[in-house]
Amino acid sequence: MIEKHQLPDDQFQKYSKGMQCLLLVIIALCSNCSYIILDEPLDGLDVIVRKQVVDLMIDAISDQDRSIILASHNLNELEKLADQVAFIKEHSIVSILNLSTVKMSIRKLQIAFKDYELPQFIKQEAKHITHEGRVSTVIFENYSDELMERINNCEPLLIEELPLTLEDLFISKFSGHDTPDERE
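Anchor point for the sequence shown: position 114 equals 257 in the numbering used here, and the numbering is continuous, going up by one each time.
Given below as structure tokens:
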């Protein structure tokens with residue numbers, strides 16, 4: 144692997160941060176452990192080295208029966224790599240989510256009504272609400288066809304499903320919604 148990635152035959156301290164990270168990931172993957180734990184493995188890497196590290200990790204889990212546990216504050220990067228996520232708050236795991244399953248029950252909608260006020264049932268059902276002008280973005284944790292029918296019965300001016308991101312899931316788990324009558 145070292146030759147494949149053209150790492151120079153030099154002392155570790157003389158490597159750039161990206162090359163050091165790449166070498167450390169290669170060493171971890173060569174251990175053939177069932178579980179590999181990496182802390183912020185993509186932090187501060189340039190685009191080329193980041194792609195090399197990601198490709199290495201994907202190859203490692205697709206070829207063998209093992210898992211990589213990534214710790215990261217960069218939710219966008221995790222979203223591209225993870226099929227399960229665990230949210231940690233104050234040193235404890237507070238939620239473990241299978242991303243493909245959770246995206247079936249949690250939905251993010253952009254909604255606007257003729258009068259600016261959201262119907263009360265939406266405020267009660269919502270896990271997180273933000274407002275921009277008359278448009279509200281609402282995350283529902285227990286989305287259902289019945290809920291959508293109730294919303295449609297209120298004749299919204301706008302209703303659009305938005306892509307749900309890992310950041311949305313994090314926000315919905317760790318924050319409530321703003322006061323429904325407060326508008327930005």
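From the three backbone atoms N, C-alpha and C, an ideal C-beta is built for every residue, glycine too.
Distance between residue j and residue i (C-alpha atoms, nearest Å)
i       : j       : result
Glu-292 : Met-247 : 17 Å
Phe-155 : Asp-182 : 19 Å
Ser-215 : Pro-299 : 39 Å
Leu-165 : Gln-253 : 41 Å
Asn-295 : Glu-233 : 40 Å
Gly-187 : Ile-249 : 32 Å
Thr-322 : Lys-266 : In this prediction, Thr-322 scores a pLDDT of 42, lower than 50, which makes its location untrustworthy; the coordinate-derived value is nonetheless stated afterwards. Taking the straight line joining both Cα atoms gives about 9 Å.
Glu-284 : Glu-303 : 16 Å
Ala-203 : Leu-261 : 48 Å
Met-162 : Val-192 : 7 Å
Glu-289 : Asp-208 : 41 Å
Ser-318 : Ile-282 : 11 Å
Phe-256 : Glu-275 : 13 Å
Thr-244 : Leu-150 : 40 Å
Tyr-158 : Val-190 : 17 Å
Ile-236 : Ala-229 : 6 Å
Pro-306 : Thr-280 : 12 Å
Of the residues the options, the one placed nearest residue i, counting alpha carbons only
i       : options                               : result
Arg-277 : Leu-290, Asn-217, Tyr-259 and Ala-269 : Tyr-259
Ile-239 : Val-192, His-271, Leu-309 and Glu-275 : Leu-309
His-271 : Glu-303, Phe-313 and Ser-287          : Phe-313
Ser-210 : Lys-257, Lys-194, Phe-230 and Ala-171 : Ala-171
Thr-273 : Lys-157, Ser-159, Lys-251 and Tyr-286 : Lys-251
Cys-176 : Val-190, Lys-194, Ser-159 and Met-200 : Met-200
Asp-206 : Ala-269, Cys-173 and Ser-235          : Cys-173
Lys-160 : Val-196, Ile-179, Tyr-178 and Ile-180 : Val-196
First through last residue of the beta strand (DSSP E) which encompasses residue i
i       : result
Ala-203 : Ala-203 -> not in any beta strand (DSSP E); alpha helix (DSSP H) instead, spanning 190-206.
Ile-179 : 178-182
Inter-residue CB distance, residue i and residue j (contact presumed, cutoff 8 Å)
i       : j       : result
Asp-224 : Leu-213 : Reading off the sequence shown, one finds Leu at residue 224, where the question assumed Asp. Yes, they are in contact, since the Cβ atoms of Leu-224 and Leu-213 sit about 7 Å apart, within 8 Å.
Leu-185 : Asn-217 : 7 Å
Continuous alpha helix (DSSP H) stretch holding residue i: start and end
i       : result
Gly-161 : 160-173
Would you mind listing the alpha helix (DSSP H) stretches within the segment 252-319 that are 4+ residues and don't spill past its ends, in chain order? Runs of the alpha helix (DSSP H) inside the segment 252-319: 263-268, 288-296 and 309-317.
Any chance you could list the beta strand (DSSP E) runs of at least 3 consecutive residues sitting entirely within the segment 205-247, in chain order? Taking 3 residues as the shortest admissible run, the segment 205-247 contains the following complete beta strand (DSSP E) segments, listed from N- to C-terminal end: 210-214, 227-232 and 235-241.
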